[in-house]
Each structure stands twice: as C-alpha cells, then as structure tokens.
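So the sequences go chain by chain: A and B.
Just so you know, my numbering puts 194 at position 194 of the first sequence, and the rest follows in order with no gaps.
Just so you know, my numbering puts 109 at position 109 of the second sequence, and the rest follows in order with no gaps.
The beta carbon of each residue, even a glycine, is placed where N, CA and C say it ideally should be.
Structure, as structure tokens:
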Amino acid sequence: MKAPPRRGRTLRPQKVVASFDSASVLHAALVAALSGRPFPHLGNPSAVAATVRVAGRLPWPILRHLYTRVGAAEGVDPERLGEVDMDAVAAWLADGIPARRYPAAMIGSSNGALTHLAAALQIPWLPTTVLVPVSRVADPQRPDAALRFGQRHAPALLQANPGVVLHHMHDQVQDQLMVARMTYFRLKWHTLPAAYARFLAQSLAPGAPVILVEDTSTWPVVQVADRHVFQTGAQGGLQPRAYLQRPHTPGPDGEAAEAEWGADPALGHGLARWCAANGHPLVRLAYTGPQAPAHAVATLLRRWYTGRGEDGDRLLVPQFVLGDPWRTLNSASTPFWTFFSVQAALRSLDDHLAASPRYRHVDILLFQHGVASAGIATPDDWARVVHKHGATVGFPGLDQRRFPHDIAALARYGPATARLPTAREPWTPLHPLKALEELADAGLTSTHIVADTGTPSEG
Amino acid sequence: MRKALIVPGAAVRRYVRDAVEALPTVGISGELLAAPGEPKVPADLGEYGRELAGRITGGGGVDVLIGLSVGAQAAAVAAVETAKAPRTCSPPPRGSVGRLVLISPTVDPAARSAPRLVGRWLAGGRVEPVSLLPQQLPDWGRAGPARIATVVRSARRIAIERLLPGVSCPVTVVHAERDVITSHAYAAHLAAAVDGDLVIVPGATHSWPHDDPARFAALIDRLIP
Numbered sequence: 001m002k003a004p005p006r007r008g009r010t011l012r013p014q015k016v017v018a019s020f021d022s023a024s025v026l027h028a029a030l031v032a033a034l035s036g037r038p039f040p041h042l043g044n045p046s047a048v049a050a051t052v053r054v055a056g057r058l059p060w061p062i063l064r065h066l067y068t069r070v071g072a073a074e075g076v077d078p079e080r081l082g083e084v085d086m087d088a089v090a091a092w093l094a095d096g097i098p099a100r101r102y103p104a105a106m107i108g109s110s111n112g113a114l115t116h117l118a119a120a121l122q123i124p125w126l127p128t129t130v131l132v133p134v135s136r137v138a139d140p141q142r143p144d145a146a147l148r149f150g151q152r153h154a155p156a157l158l159q160a161n162p163g164v165v166l167h168h169m170h171d172q173v174q175d176q177l178m179v180a181r182m183t184y185f186r187l188k189w190h191t192l193p194a195a196y197a198r199f200l201a202q203s204l205a206p207g208a209p210v211i212l213v214e215d216t217s218t219w220p221v222v223q224v225a226d227r228h229v230f231q232t233g234a235q236g237g238l239q240p241r242a243y244l245q246r247p248h249t250p251g252p253d254g255e256a257a258e259a260e261w262g263a264d265p266a267l268g269h270g271l272a273r274w275c276a277a278n279g280h281p282l283v284r285l286a287y288t289g290p291q292a293p294a295h296a297v298a299t300l301l302r303r304w305y306t307g308r309g310e311d312g313d314r315l316l317v318p319q320f321v322l323g324d325p326w327r328t329l330n331s332a333s334t335p336f337w338t339f340f341s342v343q344a345a346l347r348s349l350d351d352h353l354a355a356s357p358r359y360r361h362v363d364i365l366l367f368q369h370g371v372a373s374a375g376i377a378t379p380d381d382w383a384r385v386v387h388k389h390g391a392t393v394g395f396p397g398l399d400q401r402r403f404p405h406d407i408a409a410l411a412r413y414g415p416a417t418a419r420l421p422t423a424r425e426p427w428t429p430l431h432p433l434k435a436l437e438e439l440a441d442a443g444l445t446s447t448h449i450v451a452d453t454g455t456p457s458e459g
Numbered sequence: 001m002r003k004a005l006i007v008p009g010a011a012v013r014r015y016v017r018d019a020v021e022a023l024p025t026v027g028i029s030g031e032l033l034a035a036p037g038e039p040k041v042p043a044d045l046g047e048y049g050r051e052l053a054g055r056i057t058g059g060g061g062v063d064v065l066i067g068l069s070v071g072a073q074a075a076a077v078a079a080v081e082t083a084k085a086p087r088t089c090s091p092p093p094r095g096s097v098g099r100l101v102l103i104s105p106t107v108d109p110a111a112r113s114a115p116r117l118v119g120r121w122l123a124g125g126r127v128e129p130v131s132l133l134p135q136q137l138p139d140w141g142r143a144g145p146a147r148i149a150t151v152v153r154s155a156r157r158i159a160i161e162r163l164l165p166g167v168s169c170p171v172t173v174v175h176a177e178r179d180v181i182t183s184h185a186y187a188a189h190l191a192a193a194v195d196g197d198l199v200i201v202p203g204a205t206h207s208w209p210h211d212d213p214a215r216f217a218a219l220i221d222r223l224i225p
C-alpha cells in the first residue's frame, strides 16, 4: 500500500468531482435556483455552449471521438488519488450555496425530482455521493480489469479519506463511451462531513428540519476491501442479472447501496446525533430507486400551481442532468423528472399520466448519452406514451434524427426552456413541513426520526 | 377601506401610477407618494423615511407601506421610526404600519460600490420594457442630477438588512424574476432574516409593478387582511 501523501498537497475540488455527474450538476442547478438564476447548458459559460452547438453538427464518428476525449479530460490521474481531499469537496459544495437562513435543508441521495422540490421550497441540498472520474484507457467490456485497477489505486484515496466509502462502478452498457477512457469512483460519505455540519449550524433557522434523502436501492457488488465495493452495471435499461451474465464480470458476494443513487445508511446515524445535539428535527424521506419520487413531486407542484390560479396543464420532463428548476417554476411547468431515457422511466411517465388529470402539452428534455444501449427509450417511444394520454408532445432543444447522439442538446435545452411561457401568478416558496405532508398524500411518505437514537418515531 | 402608501423609486413616480390606481378595484385606497429626490421632497432616503414616519404616526397609521426600489429603503426607515412610537391598540396599532412590503429593494450589498451600481443599473435598462424610459425621463429631468446623486449616495449608505430587526410589523419582500439590479439572493436573505415572506413575480423586471396593475393589486389584496 502506498503511503498517504501529506495533506498539504491536495487537488482542487473542482478538479476532483466530475462536472457531468448527477450530483454535481443537480447541485449546481439548485444553487442557480436559490440564486434566482436560470440554468442553461449545465451551468457552462455561453462560449462553451456555442462551441458545443457548433461541434454538434459534426458527423457522429468525429463527434463521438471528441465527446469521449473531452469527457475523459476530467479524469484524475490515478497516481494522484491520495491527493483527493473529500473534506475540501464537501466544503466546496456547501460554500457554493447562497448564504442565508433556510427553513429546512435536504441532505442525501441525488434526485432530480427532489431538486425541483427543493427549488420550490427554496432550501439547499447537500449531496452525499459524488463521482470522481479516474483516468484509465481500457476495454469497456472488461469489468474484471476495472476491478483490478481499483484494487491497485483505491487504497491511497481511502487512506487519505476515512469518511467515505468507495463504490467503484463500471457500466459498460450506458457509459460505454466514457469507461473506455476513465473509470467511475463514486464516493459516499458515511459520516457527516465537518463542512456540512458547519453549513447546517450556520444556515438553518432555529428548529428547522433536516430532511435526509435516502434512496434505499441496492445493487450486487464485490466487496473489494474495507470501505471499497465494486459494482458492474447501474440503474438504467437493464436489471443487475443482465449485467452479471455478461463475460468478464466479477461474481458478486453481497449487496450495497446503488453506486450513483443509493444512500449509505451509516450517514443517517451521524446526522441524527448532530440533529439531536443542535435542536433540529430529522425527517427521513426514503424511497427505492431514483424514479420513485417523481410522481409525488409532480402531483404536489401541480396542485401548488393550480391552487394559485395557474392552469397546471403543461408537463415538463427533465431528464438526468438536463433541466432548469428556476425556469420550470417560473413557467409554472409541472416537472416530472426522469433519471434516464430508458424503458423503466418511460413506464413511470406512463403511470403518472394515467394517474393524473390530463395535461395539455408535454415537453421532454431527452438526455443524450451517445449510445443506443439496451433498454433505451427513443423519442418515438416517449411520443407514443404522451399521445396515448391525449397530450401534444415536444422535445425542446433536441434534433430527434440524431438521437441518442445529439450531444449539442446539452447546449440547446437552455434557450428552449427560456422560451417556455411565463407563469401568470406571483409565488411564495412552499413551506417544508406542509410540502412533506402533501408528498405523503401523493404517495411519498417521510418519517420523523428520534434524533438521539436514529430510530423512527412516527410515520 | 384598507389604506396603502406607496413610496416610488429614485425621483420617478409616473411609471407606477396605473398600478396604484388599480388598488381601489380590490378595495384598497392607495396613495402614491412623491418620489425621493423630487423637487421639494427630501432626496436623502433617511430624511425622507423619517418625515414619512411622522406623517404615518400623525395620520393614524397605514395598513400597508410599500416601497419600490430605493423607495423600499425609505419605507424601511419609516417602518423603524413608527415602531419606536408608543402603541395604543392593535391590529394595526394606531399610528403604525400594518405590513411593510419591499418591492425590488436596493441596494444589494454586492453592488454598493458606485461602479457596480451603475453597471447593474445599465444592465437593468436592457431588460426593462421600452415603455419605461419615456415615463421616467421627464421625472428625472425635473429632479436634476444633483438631487438624483443625493438619492444614490444615501441609497448606498442605508442598508435595509440592518434596519429590519427594528421593524415590528410583518415584512414581505417581492422579487422580480428578471431583476438584475437587486439579486434574488439579497431579496431572499432579507425575507429570511425577519421570518418574512418572499414573493417572486415571474417574468417581471426591477421596475415592477410598472405595466402590471392587475397583478400588483391582486398581490397587495392578498397580503393585507
């Protein structure tokens, strides 16, 4: 095992955390909403967006090469993993949130639906899983080799960061392009980072609740070492079994929180102790799988809109990192977030449309991951489902002929959402506890936690 | 009939006349006050606010005091001063302010230097409706540059966030979605600091409620019982 480097030499958080990941982008989108700003082109400068729009016209074989290379440029040198400082990453995420007194805060799993809810509540969210991409050129179809790579390089990272668990993830189906030039180290805090505790202490109103967001979904893993598991595949178009049947796939020896969306249950205990010591109620919002909260959030926000006189008949389907909570709220568009363009998410939208009063129009922001992967849902699939429920459909910012290769959609969804009709009525942020009650009415229940023991006290 | 006093922005007031005239349609008697910096009216926002407080206290109070832009600073000064006056009954106590409404309150701490304030004001001009300037230019012309400069100097000096703890009535902060002079972060900070309400007006700019009388009247109607 390599000796841990001196703490004086650390990588800047911006160089450590992937800018294209669900946690970092959803966090940035919420920060924009708390700052009253739209969130076009994933928060990148306009010049970058213009370049992406121009590059998006290139033939796919060339664009594919560029897309992979640009993404891979974010990878951390594996020899420098010991210089990753997750305390600094937590401080960077907390410090990015506008300083003011908040009536509640969310902490936990990444979830786009809950990011939109947090924007409507005007409360912050502290992510507890982040992606650290690590440079590695390899055959995407060899997860076994990825596992060995992790065995070799992870110890320095883990030794330098005792507060995290490494969920090394290898999805050769949906991340086929990216895992050819990097590997995905997803790091989950299993203790409350000092910067998060400091932020909560400084930013919460007296007695304000802390909402622990826990996606309880799990995935088969190989236990590689203490605080180190390896996951083949990920939530999306295929079930775990389909990944495990593929060649060169290490056999799992257990289950763990799903790498990208799942929550480390240990964090809740530390958070409960902090809440008890600081006089803040802890509310646990638990669900299984990233798609689960979307229906309840959409139902709640639609009622909120119609309750103040909006029509509430326009649905906006943000997807993965494509979305703009601020523009969504200020156009009174009901957000039904989907985690990826896959059949499972499509079924969820179908269910929502079936269970809801009819929408007049549905706009869908389809994320482009560059691969016609197993289980993908195409624009035609989405349109068919929407039409079945009597609504018209649009794909703002997307050139459907290029799906799933229309990478420039990343830079076009912003101008498209800017053109959404403006809401008519002034609005006041939702009250957190009232929102939790209404979420429960819509099927997403929360549990108040007795803070000193971490055990549930009421449903 | 419920009574509202409206303090307009720097040396301008005709741009919100239609909005104030819409208030009686919802059962509110609205009086649009002279703008800070107008001829014969204090240009210093502190002095303006103290004079206004005297008028409110002497006149038996007001259900809602509404300040627009720098007028919000003058209104905050007035609300603090009236809160110091002895109370006789409730609600609202005779001689006091029932609710303070700060619309597009200035000056965001991030823009208190002269160059930044000018930069934001110029940027704001780019998103305002074209109908605004023809209504504001004659007002500014009447006030003259010296009085406007006094308004701006006092606006940079008076920090609403330091005044609000001295306000005893409920506070509502209204932020226009497309306001580039006052940041959303500042408006939200002000509301949170006094457990007040934050209201966001979709599509609106810093000059709201210019050109939007119906929404303005409906909002004020909702805010006061």
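With fewer than three CB-CB distances shorter than 8 Å, the region 126-145 of chain A does not count as touching the region 341-360 of chain A. Residue burial is scored here from C-beta neighbours: residue 77 of chain A has fewer than 16 other C-beta atoms within 10 angstroms and is therefore classed as exposed.
Note: residue 223 of chain A is bridge-paired with A:229 in the DSSP secondary-structure output. The alpha-carbon separation between residue 402 of chain A and residue 205 of chain B amounts to approximately 38 Å. With contacts defined by Cβ atoms closer than 7 Å, residue 222 of chain B and residue 169 of chain B do not form a contacting pair. Counting every other CB atom within 10 Å of its CB across the protein chains shown gives residue 54 of chain A a total below 16, marking it as exposed.
Below the 8 Å Cβ cutoff, chain A contributes 122, 428 and 429 as neighbours of residue 198 of chain B, in chain order. Close CB contacts of residue 27 of chain A within its chain, under the 7 Å cut and outside five residues either way in sequence, are with 93, 125 and 127 (chain order). Cβ-Cβ distances below 6 Å link residue 171 of chain B to 100, 194 and 196 in the same chain, with the five nearest sequence neighbours on each side left out; the list follows chain order. Taking C-alpha positions only, residue 358 of chain A is separated from residue 314 of chain A by approximately 10 Å.
Here the alpha carbons of residue 11 of chain B and residue 21 of chain B stand approximately 19 Å from one another. For the C-beta of residue 201 of chain B, the chain A residues within less than 8 Å are, from N- to C-terminus, 426. According to DSSP, residue 121 of chain B shares a beta bridge with no other residue.
In this structure, the straight-line span from the alpha carbon of residue 44 of chain B to that of residue 150 of chain B is close to 6 Å. Below the 7 Å Cβ cutoff, chain A contributes no neighbours of residue 161 of chain B, its closest Cβ being approximately 10 Å away.
About 7 Å separates the Cβ atoms of residue 295 of chain A and residue 442 of chain A, confirming a contact at the 8 Å cut-off. For residue 330 of chain A, the C-beta contacts it makes with chain B under 8 Å involve 177, 200, 202 and 203, in order along the chain.
Taking 7 Å as the CB threshold, residue 422 of chain A lines the interface with chain B. Counting the other CB atoms within 10 Å of its CB gives residue 122 of chain B a total below 16, which places it among the exposed residues.
Runs of alpha helix (DSSP H) with 4 or more residues, each lying fully within the region 21-46 of chain A, are found at 22-34, listed in chain order.
According to the DSSP assignment, residue 174 of chain B belongs to the beta strand (DSSP E) that extends over 171-176. With its beta carbon at least 7 Å from every one in chain A, residue 110 of chain B lies outside the interface.
In the DSSP assignment, residue 161 of chain B falls within the alpha helix (DSSP H) that extends over 160-163. Unbroken beta strand (DSSP E) stretches of 3 residues or longer found wholly inside the region 132-179 of chain A: 164-170, given in chain order. By the neighbour-count definition (other C-beta atoms within 10 Å, threshold 16), residue 171 of chain A is a buried residue. Leaving aside the five residues that flank residue 18 of chain B on each side, the residues in its chain whose CB is nearer than 6 Å to its CB run, in chain order, 213. Taking a beta-carbon distance threshold of 7 Å, residue 210 of chain B does not count as an interface residue toward chain A.
Taking C-beta separations shorter than 7 Å and ignoring five residues to either side along the sequence, the partners of residue 120 of chain B in its chain run 111, 180 and 181, following chain order. Only 98, 99, 100, 101, 102, 103 and 122 from the region 95-122 of chain A bring a Cβ to less than 9 Å from some Cβ of chain B. For residue 122 of chain B, the nearest beta carbon of chain A is not closer than 7 Å to its own beta carbon.
By the CB criterion at 7 Å, residue 177 of chain B and residue 330 of chain A fall inside the cutoff. Contact with chain A is found for residue 184 of chain B, since one of that chain's Cβ atoms lies less than 7 Å from the residue's Cβ. Taken through DSSP and simplified to helix, strand or coil, residue 336 of chain A comes out as coil. Between the region 139-159 of chain A and the region 34-52 of chain A, the count of C-beta pairs closer than 8 Å stays below three; the two stretches do not touch. Non-local beta-carbon contacts of residue 308 of chain A in its own chain, meaning distances under 6 Å to residues more than five positions away in sequence, involve 425 in chain order. Close to residue 22 of chain A, with beta-carbon spacing below 9 Å, lies no residue of chain B; the smallest spacing is near 25 Å.
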